[in-house]
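So the mapping is simple: this note's numbering equals the position in the sequence shown, first residue as 1, plus 549.
By construction, the Cβ of each residue, glycine as well, lies at the ideal position given by its N, Cα and C atoms.
Take a look at the structure set out below.
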Amino acid sequence: MKKSTSLGTFICSLALFSVSAGAEESESFIFLPGDQLGAYWTIEKKVAPHYPKRALQKGEQGCATVSYVIEPDGTTSNHNVVVFTSDFFKAPSVSAAEDFLYKPSEENVDKVSVITINTFTYQISNGPSADEEVRQKIKGFCESKALEALGAPAREAEVE
550 MKKSTSLGTF ICSLALFSVS AGAEESESFI FLPGDQLGAY WTIEKKVAPH
600 YPKRALQKGE QGCATVSYVI EPDGTTSNHN VVVFTSDFFK APSVSAAEDF
650 LYKPSEENVD KVSVITINTF TYQISNGPSA DEEVRQKIKG FCESKALEAL
700 GAPAREAEVE
């Protein structure tokens, strides 16, 4: 079976997540997509994931969206891959998100924990579709599917 790397044939695998503080007690968090995060947190350290060698060898491009909690100290926890186009992209995306560091905004004096998502896009820079428009379509596709999986209002994203 030949795998296609065209955007129209991406198959997303969805995984729902839950965050709990313990077996008997559940903690609630505010969910904020990345574009709404600035009211609470700003990124201080963002790490790019490595491109998986096997995906590169196979010419695979795609994305993975990771959800995580931003803790009061600015570190991240409870990392879950919500959407991915290839298993190759899951581990490096989680690894990168684990190294993120945030600082609270001036309005977030209580350092409120939030759940957010980050989409990592994997695109071969010398490949046939190595341009910003394609990267944005891949990212939009994954983010839309992630928001849908998390029960948030989905944004329009067309993948052709």
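Is residue i helix, strand or coil by DSSP?
| i | result |
| --- | --- |
| Phe669 | strand |
| Glu692 | helix |
| Phe580 | strand |
| Gly611 | strand |
| Lys660 | coil |
| Asp680 | coil |
| Ser642 | helix |
| Asp636 | helix |
| Glu655 | coil |
| Gly700 | coil |
How would you write the range of the alpha helix (DSSP H) that residue i sits in, first residue to last?
| i | result |
| --- | --- |
| Lys607 | 602-607 |
Name, in chain order, the residues that DSSP records as bridge partners for residue i.
| i | result |
| --- | --- |
| Tyr617 | Thr665 |
| Lys594 | Leu650 |
Need the endpoints of the beta strand (DSSP E) that residue i sits in, please.
| i | result |
| --- | --- |
| Val632 | 625-633 |
Taking all protein chains shown into account, do 16 or more other C-beta atoms lie within 10 angstroms of the C-beta of residue i, making it buried, or fewer, making it exposed?
| i | result |
| --- | --- |
| Ile579 | exposed |
| Lys694 | buried |
| Ala604 | buried |
| Leu699 | buried |
| Pro601 | buried |
| Gly583 | exposed |
| Gly611 | buried |
| Glu692 | buried |
| Ser674 | exposed |
| Ser626 | exposed |
Sufficient close CB pairs (3 or more, under 8 Å) joining the stretch 660-669 to the stretch 609-619: The stretch 660-669, when compared against the stretch 609-619, does touch it at the 8 Å Cβ threshold.
The stretch 686-693 in contact with the stretch 635-649 per 3-pair CB rule at 8 Å: Verdict: no, contact absent.
Any 3 or more C-beta pairs closer than 8 Å across the stretch 650-662 and the stretch 586-598: Counting Cβ pairs under 8 Å, three or more are found: they touch.
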